[in-house]
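Our numbering applies: residue 77 is where the sequence shown begins, and numbers increase by one. For every residue, glycine included, the Cβ atom is placed at its ideal position computed from N, Cα and C. Beneath this line is the structure, given in structure tokens, with notes to follow.
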Amino acid sequence: MAFKWYFIRCQSGREKRIRDNALHRLKVAGVEDVIPQVVMPFKIVTDMKRGKKRTVEEKLYPGYLMVQADLENPEDAQVIKARTILRGIDGLRDFLGAPGEPTSIPEAEVTDILSMMTDSESRPQVTIGLSKGEQVKINTGPFDGFDGTVDEVNPEKGTVRVVVTIFGRPTPVDLKYWEVDSV
């Protein structure tokens, strides 16, 4: 069997539910040997919402799922059955490529996507949501209640440099991203 990876269009915003439904239907029909994996590419991101730190899955390709399949022999009964089941799933469209001819994803790209997913699970990316020049209010520590201006954002370390005026002088302060709120 020659398994390759393909993108398949689906309704945006329902990727996870459609993926679960596809896996269930393929298993019930007994064609998981033709399509063993259906994956929603994502990365794990840590961000702040309403003053609380949260970790969420951010879709890499909204409106698409990745499918590992053996579609080399389109006349094979199992392949026809598997593709018919996929077409019958609500919210699932068709494979990327010419009509009736799915285009496989290059192996190097698949490796990059899958490694990005596993890397983000072990080390979530930080989304700070602040930009240089933005006004912020410090909410913890010795500078609690001070207002300042963002001078530098470092997403790798999850820090923000804020310029605070103390005794009439601008003073740079390095803080963690959750220690400040946008004004």
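(message) I'd like the span of the beta strand (DSSP E) that includes M142, first residue to last.
(response) Y140 to A145
(message) Less than 6 Å between C-beta atoms, sequence neighbours within five positions excluded: which residues of the same chain meet that for K213?
(response) D223, D257 and V259
(message) Can you give me the C-alpha to C-alpha distance between P150 and A158, rounded to a whole angstrom?
(response) Within the model, the alpha-carbon separation for P150 versus A158 is close to 11 Å.
(request) Report yes if the CB atom of V229 is closer than 7 Å to the CB atom of V240, and no otherwise. (result) no
(message) DSSP three-state label for N230, please.
(response) strand
(request) Take the Cβ of I242 as the centre, count every other Cβ of all protein chains shown within 10 Å, and call the residue buried at 16 or more, exposed below. (result) exposed
(request) Compare the beta carbon distance of I120 and E108 with 7 Å and say whether it is the shorter of the two. (result) No; because the gap between Cβ atoms is not below 7 Å, this pair is not in contact.
(request) Give every residue of the same chain whose Cβ lies closer than 8 Å to the Cβ of F118, excluding the five residues on either side of it in the sequence, and list them in chain order. (result) E133, E134, K135, L136, M193 and S196
(message) Within 8 Å, do at least three Cβ pairs link the stretch 90-109 to the stretch 180-188?
(response) A contact is defined here as three or more CB-CB pairs under 8 Å, and the stretch 180-188 fails this definition with respect to the stretch 90-109.
(message) So, with DSSP's three-state summary, where would you put V155?
(response) helix
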